Amino acid sequence: MECVKEKVRKFLEQYIRNKDFEDDDNIFKLGLIGSLFAMQLIMFIEKEFNIKVENDDLDLDNFSSLNAINEFINKKISK
Amino acid sequence: MKGLIKMDLTEQQFEYDKEFKLFTKNVIEKYAENNDKEERMNPELLKEMIKRKYLGAMISRDYGGLDFDSITIGLLNYEAGGGCSSVRSLLTVHGMCALGIQRWGTNEQKEYWLPKLAAGEKIGAFALTEPNVGSNAKGVETIAIEKNDYYILNGEKKWITMSQIADVFIIIAKLEDKPTAFIVEKNTEGLTVEPIKGIMSFRASMIGKIHLNNCKIPKGNLLCKEGLGISHVGLSCLDYGRYMVAWGSVGLGQACVDLSIKYAKERKQFGTYIMKNQLIQKMITEMSVDVKAAKHLCIYAGHLKQKGDPESIVETWVAKYYSSKMVNRVAGRALQVFGANGISDEYPIARYFRDAKINEIIEGSSQMNEIMIAHSMFRSN
């Protein structure tokens, strides 16, 4: 079974194409994502992991890198 | 619904569509022509919509709404759009306000506003654009300043649909230079609405300017979080709005096709009905195929929306782009089928033709659509 991190990487790779990125790279600073990305990422997380991203979760630190997103999702799932 | 099969819609969605179609025929169409002439939404029509709970169509049942799925809400806008574009625009902006609060509001905001919006006790609207700000949403010049327990808002919003009758707005203003969303009540001191008259399209959409002069907004009326007024609140509200414009355009296009076919069967020239004329047949073919194609793009976007699929955002752009361009082609051909009769007020074709155009401008112009869609295509290929 695919782990959370693998699923998130696959999703991110659809949006950050033709560029390798490390698990800790700040995806917003890579400059390759469009203005729709923030909402698309939230929709992906909610749909794929059946969790609700609340207003209090909307801290850039939760979404800045693959590792951060992975940690955020795992924290939400375990709640 | 014409042109769709059971694969596209459920039995229940077909049933709802029948209901919306009947409501459009019996109620909306009765008021549409005068709405347009008088440049106002007839209050009786509004009452009828409230009675059927259509203003709560997009709101969760937890708050007294009908909680329609994405396709059903699309069908409501499709049928309404075929009857009166201004009615469709009311459903759209009220829904943008309600869904903005439902998605991003605190529990207090949701519990206070959503039952009122669902019941139609309060009308909602969405205020982003300004005299100097259209497509460049992040450039809003309305300013919010934090002061004690309030935010003080100053600025001007323009082209705000239903602002003349709305009771509550989602207003986007810059707070410390970051676009932020606020829930602002109409009766706030310093807020005035100036109607805009003499517009070409959607003449009953009660459009206006909102002047904000030192408006004190309680801290609890900030929506979502500081700085997320465009990227989160605005984007999700406009995504909904775009989806409804797409459906409304298809409904308007279908109305053009239906009337043109009826007219071509009744109008005689050269001793026979003009439906026998192959150049008329060509136009009818182009119109109906165009409408069908747009309808399927809307259905596709709706299915993705229902699943919460991230690609639904781009597919909604695609549906809106195609549908809004389509309705202009179709309305132009309908006018051609009608000839001189089409420009008179004996038929609604002239109104349809005028209303078609605005769909290419609102909720992202066709040119902005082209940029967004192209970026998405480059990304995915």
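Protein sequences, first through last, are from chains A and B. For the first sequence, our numbering assigns the number 135 to the initial residue and increments by one for each residue that follows. For the second sequence, our numbering assigns the number 134 to the initial residue and increments by one for each residue that follows. Built from N, CA and C at the ideal position, the CB exists for glycine as well. Computed from a prediction, not measured in an experiment: that's the story for all the values here.
Task: Residue interval of the alpha helix (DSSP H) (run including Thr449 (chain B)) - done: Position 316 of the second sequence, counted from the start, is the residue given in the question as residue 449 (chain B). Its alpha helix (DSSP H) spans residues Ser445 to Phe471.
Task: Where Gly441 (chain B) meets chain A, residues with beta-carbon distance less than 8 Å - done: Numbered from its first residue, the second sequence carries residue 441 (chain B) at position 308. The contacting residues are Met177, Glu180 and Lys181.
Task: Backbone CA spacing between Met182 (chain B) and Asp200 (chain B) [nearest angstrom] - done: Stepping through the second sequence from its first residue, residue 182 (chain B) is reached at position 49. Stepping through the second sequence from its first residue, residue 200 (chain B) is reached at position 67. Between Met182 (chain B) and Asp200 (chain B), the C-alpha separation is close to 16 Å.
TODO: Could you check if Thr325 (chain B) is buried or exposed, using at least 16 other CB atoms within 10 Å of its CB as the buried criterion?
DONE: Position 192 of the second sequence, counting from 1, holds the residue named residue 325 (chain B). So Thr325 (chain B) ends up on the exposed side.
TODO: Along the beta strand (DSSP E) that carries Leu261 (chain B), what are the first and last residues, could you check?
DONE: Taking the second sequence and counting its residues from 1, the one referred to as residue 261 (chain B) is at position 128. Here Leu261 (chain B) belongs to no beta strand (DSSP E), and DSSP marks it neither H nor E.
Task: Where the alpha helix (DSSP H) containing Lys438 (chain B) begins and where it ends - done: Looking up residue 438 (chain B) in the second sequence gives position 305. Taken as a continuous stretch (DSSP letters only), the alpha helix (DSSP H) holding Lys438 (chain B) covers Gln411 to Lys440.
Task: Which of helix, strand or coil DSSP assigns to Asn514 (chain B) - done: Here residue 514 (chain B) refers to the residue found at position 381 of the second sequence. In the three-state scheme derived from DSSP, where H, G and I count as helix and E and B as strand, Asn514 (chain B) is classed as coil.
- [ ] Would you grab the beta carbon distance between Ile350 (chain B) and Ile340 (chain B) for me? Rounded to a whole angstrom, and I think it's under 8 Å.
- [x] In the second sequence, residue 350 (chain B) corresponds to position 217, counting from 1. In the second sequence, residue 340 (chain B) corresponds to position 207, counting from 1. Actually they do not touch by this definition, with Cβ atoms about 23 Å apart.
Task: Contacting residues, own chain, Cβ-Cβ under 6 Å from Phe302 (chain B) (five flanking each side not counted) - done: Working through the second sequence from its first residue, we reach residue 302 (chain B) at position 169. The residues are Ala258, Ala260 and Val317.
TODO: Kindly indicate if chain B contains any beta-carbon less than 7 Å away from that of Asn201 (chain A).
DONE: For the purposes of this step, residue 201 (chain A) is taken as the residue at position 67 of the first sequence. No - not a single Cβ of chain B is within 7 Å of the one on Asn201 (chain A).
Open item on the list: Please confirm whether Lys358 (chain B) has its beta-carbon closer than 7 Å to some beta-carbon of chain A.
Closed with: By one-based count along the second sequence, residue 358 (chain B) stands at place 225. Yes, Lys358 (chain B) lies at the interface with chain A (some Cβ there is under 7 Å from its Cβ).
Task: Residues from the region 223-239 of chain B in contact with chain A, defined by Cβ distance under 7 Å - done: Trp237
TODO: Can you grab the Cα-Cα spacing for the pair Gln414 (chain B) / Leu392 (chain B), in whole Å?
DONE: One-based indexing of the second sequence puts residue 414 (chain B) at position 281. One-based indexing of the second sequence puts residue 392 (chain B) at position 259. C-alpha separation (whole angstroms): 14 Å.
TODO: Tell me whether the beta-carbon of Gly288 (chain B) lies closer than 7 Å to the beta-carbon of Ile276 (chain B).
DONE: Counting from one through the second sequence, the residue named residue 288 (chain B) turns up at place 155. Counting from one through the second sequence, the residue named residue 276 (chain B) turns up at place 143. Yes.
Open item on the list: Pairs of beta-carbons, one from the region 398-405 of chain B and one from the region 218-234 of chain B, closer than 8 Å: are there three or more?
Closed with: no
Task: Meets three-Cβ-pair contact criterion under 8 Å: the region 159-169 of chain B and the region 203-220 of chain B - done: yes
TODO: Go to Ile343 (chain B), then tell me how far its beta strand (DSSP E) extends in each direction, as first and last residue.
DONE: Within the second sequence, numbered from 1, the residue matching residue 343 (chain B) stands at position 210. Taken as a continuous stretch (DSSP letters only), the beta strand (DSSP E) holding Ile343 (chain B) covers Gly341 to Pro351.
- [ ] For Leu170 (chain A), decide whether its Cβ has a neighbour in chain B, counting only Cβ atoms nearer than 7 Å.
- [x] The residue given as residue 170 (chain A) occupies position 36 in the first sequence. Yes, because at least one Cβ of chain B sits closer than 7 Å to the Cβ of Leu170 (chain A).
Task: Cβ contact (3+ pairs, closer than 8 Å) linking the region 365-382 of chain B and the region 447-457 of chain B - done: The region 365-382 of chain B vs the region 447-457 of chain B: in contact.
Task: For Asn160 (chain A), the three-state DSSP class (helix, strand or coil) - done: The sequence position of residue 160 (chain A) within the first sequence is 26, counting from 1. In this structure, Asn160 (chain A) counts as coil in the three-state DSSP scheme.
- [ ] Report, in whole angstroms, the separation of the C-beta atoms of Lys271 (chain B) and Pro312 (chain B), which I expect to be a contact under 8 Å.
- [x] What you label residue 271 (chain B) is simply residue 138 of the second sequence in a count that begins at 1. What you label residue 312 (chain B) is simply residue 179 of the second sequence in a count that begins at 1. Going by Cβ atoms, the distance from Lys271 (chain B) to Pro312 (chain B) rounds to 6 Å, so yes, they are a contact pair.
Open item on the list: Tell me which residues share the same chain as Leu437 (chain B) and place their Cβ nearer than 7 Å to its Cβ, disregarding the 5 neighbours each side in the sequence.
Closed with: To locate residue 437 (chain B), count along the second sequence from 1; it is residue 304. Counting only Cβ-Cβ distances below 7 Å, and skipping sequence neighbours, we find Glu444, Ser445 and Glu448.
TODO: Helix, strand or coil for Val326 (chain B), going by three-state DSSP, please let me know.
DONE: Stepping through the second sequence from its first residue, residue 326 (chain B) is reached at position 193. Three-state result, Val326 (chain B): strand.
- [ ] Would you decide whether Arg539 (chain B) is buried or exposed? Buried here means 16 or more other CB atoms lie within 10 Å of its CB.
- [x] Residue 539 (chain B) is absent from the model: chain B starts at 134 and stops at 514.
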